[in-house]
Structure formats: C-alpha cells, structure tokens
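Enquirer:
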Amino acid sequence: MGAINNFLEILSGAQLTWFKKQSMARQAAIAAQWQGSGKTPEDVIEDNGGPSPEGGREGIPEV
1 MGAINNFLEI
11 LSGAQLTWFK
21 KQSMARQAAI
31 AAQWQGSGKT
41 PEDVIEDNGG
51 PSPEGGREGI
61 PEV
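Oh and the sequence shown: position 49 is 49 in full-length UniProt numbering, straight run, nothing missing.
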C-alpha cells in the first residue's frame, strides 16, 4: 500500500477523487504503473482513463 499512499499524497482535485473511486486492486495497479515509469502521476491517471489535472502539470514530481 506504500505506492498507493504515495500516489494519494501527490494527487489533488478531480484526479484524487477519481483515483479514490477505483477498487483497491485497480489503485494498486495504477500506482505500480507509475513507479519507475518516468511518467508523472497525472500522466498515469490520464493513461488509465482518468481526468486531466486541475491547474496544469506544475508541481507533480516524476518518479
């Protein structure tokens, strides 16, 4: 659950709401896609059918 918690700390707004509505298995799979991918969390959310981030891409770290 560490990856999920890290993801939850970074996301905000519509992306956070969307992520929380996913099943725990789906949350884990999405968080796992982010780790080591070089993508930002917002990109991973969008890749999985989630909303675009509010306020643009600034301030969301890559991993």
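Even glycine gets a Cβ: it sits at the ideal position worked out from N, Cα and C. If you're wondering where the values come from, they're calculated on a predicted model, not measured in any experiment.
Considering only residues of the same chain and omitting the five flanking positions on each side of W34, which have a CB-CB separation below 7 Å?
Expert: Position 34 of the sequence shown, counted from the first residue, corresponds to residue 34. Here the set comprises F7, P41, V44 and V63.
Enquirer: Name the two residues that bound the continuous alpha helix (DSSP H) containing G50.
Expert: Locating residue 50 in the sequence shown gives position 50, counting from the first residue. Premise fails: G50 is in no alpha helix (DSSP H) and is neither H nor E.
Enquirer: L8 CB to nearest chain D CB: under 7 Å?
Expert: Looking at the structure shown, chain D is missing, and only one protein chain is on hand.
Enquirer: In angstroms, rounded to a whole number, what distance separates the CA positions of K21 and G50?
Expert: Along the sequence shown, read from residue 1 onward, the residue named residue 21 stands at position 21. Along the sequence shown, read from residue 1 onward, the residue named residue 50 stands at position 50. Approximately 11 Å, taken between the alpha carbons.
Enquirer: Do A31 and A3 have their C-beta atoms closer together than 7 Å?
Expert: Position 31 of the sequence shown, counting from 1, holds the residue named residue 31. Position 3 of the sequence shown, counting from 1, holds the residue named residue 3. Against a cut-off of 7 Å, the Cβ pair of A3 and A31 comes out as a contact.
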